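The block underneath contains the structure these notes are about, expressed in structure tokens.
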Amino acid sequence: MAFDHVARLFRDGLAAPYWVLQRVNEISARSGYQRSVLALPLGSLYSLDDEWGAGWGRTTEELTAVIRDACNDQLHGRSADDAARSQAITAFLSSGVVPEPTKALLVRALAAARRSVRELRDAGKPVAAWLGTQSRYGGLRENAATVAVLEIPELTAEVAADYAERFPDRAGVLRRMLDCLPHEPG
Numbered sequence: 003m004a005f006d007h008v009a010r011l012f013r014d015g016l017a018a019p020y021w022v023l024q025r026v027n028e029i030s031a032r033s034g035y036q037r038s039v040l041a042l043p044l045g046s047l048y049s050l051d052d053e054w055g056a057g058w059g060r061t062t063e064e065l066t067a068v069i070r071d072a073c074n075d076q077l078h079g080r081s082a083d084d085a086a087r088s089q090a091i092t093a094f095l096s097s098g099v100v101p102e103p104t105k106a107l108l109v110r111a112l113a114a115a116r117r118s119v120r121e122l123r124d125a126g127k128p129v130a131a132w133l134g135t136q137s138r139y140g141g142l143r144e145n146a147a148t149v150a151v152l153e154i155p156e157l158t159a160e161v162a163a164d165y166a167e168r169f170p171d172r173a174g175v176l177r178r179m180l181d182c183l184p185h186e187p188g
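Heads up: the sequence shown begins at 3 in our numbering, then just goes up one per residue.
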């Protein structure tokens, strides 16, 4: 498929990020903007070129990272929904953390938080109280704990409201995180 070829060229360093966006728009237009094409990881980049260098939205580096992730997802057969969820979780975990943690560190922190939540729930202990203790540490530890608790449907709304109140500057990453949950908050 054409998207796979574009993704391979980018992965191999033979295509620039903006060139990828231009090809995505061309391929999407030639398909008549079919949902099946736009649902692919690279198809999800359609119209992202509007944001490139426009002075609003994400930086060139952030957009390049989105393109890189989409190319990897395209080549590894992940859906656009999987890619969006991965990007939302990564952005949330990294939010407010300087310097930005590596993916390996993000994965370890989230795995540890999910494990703790599972153990607490299995023991019948309150997860919300545990989240409060993790919040004292801040940074990646707090963000990972928050993701793990947001994934519990009955706690999502309360935890999201608390996080939004404490970190109003992170409303965008919180919204993207909530949009990727398999359940509605509440």
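Backbone N, C-alpha and C fix where the C-beta goes; we use that ideal spot for every residue, glycine too.
Keep in mind it's a predicted model, so treat the numbers as computed, not measured.
Beta-carbon proximity check, residue i vs residue j, cutoff 9 Å
{"i": "alanine 193", "j": "alanine 111", "result": "Nothing in the structure corresponds to residue 193, since the chain is present only between 3 and 188."}
{"i": "alanine 166", "j": "arginine 172", "result": "yes"}
{"i": "leucine 108", "j": "leucine 142", "result": "yes"}
{"i": "leucine 23", "j": "leucine 50", "result": "yes"}
{"i": "valine 149", "j": "alanine 106", "result": "no"}
{"i": "tyrosine 178", "j": "alanine 90", "result": "It should be pointed out that residue 178 corresponds to arginine in this sequence rather than to tyrosine. Taking 9 Å as the Cβ cut-off, arginine 178 and alanine 90 qualify as a contacting pair."}
{"i": "glycine 15", "j": "serine 30", "result": "no"}
{"i": "alanine 130", "j": "leucine 95", "result": "no"}
{"i": "arginine 70", "j": "proline 19", "result": "yes"}
{"i": "glutamine 76", "j": "alanine 9", "result": "yes"}
The alpha helix (DSSP H) enclosing residue i, as first and last residue numbers
{"i": "proline 19", "result": "19 to 32"}
{"i": "methionine 179", "result": "173 to 181"}
{"i": "glycine 141", "result": "141 to 152"}
{"i": "lysine 105", "result": "105 to 124"}
{"i": "histidine 78", "result": "Per DSSP, histidine 78 belongs to no alpha helix (DSSP H) and is neither H nor E."}
Distance between beta carbons of residue j and residue i, contact taken as under 8 Å
{"i": "tyrosine 48", "j": "valine 68", "result": "Their Cβ separation, rounded to whole angstroms, is 12 Å, which puts tyrosine 48 and valine 68 out of contact at 8 Å."}
{"i": "valine 151", "j": "leucine 133", "result": "5 Å"}
{"i": "glutamate 53", "j": "leucine 65", "result": "6 Å"}
{"i": "alanine 183", "j": "glutamate 160", "result": "Alanine is not the amino acid found at residue 183; the sequence shown has leucine there. Not confirmed; about 14 Å, so no contact."}
{"i": "glycine 98", "j": "phenylalanine 169", "result": "7 Å"}
Could you say if the stretch 54 to 63 and the stretch 32 to 40 meet the contact criterion of at least three C-beta pairs nearer than 8 Å? no
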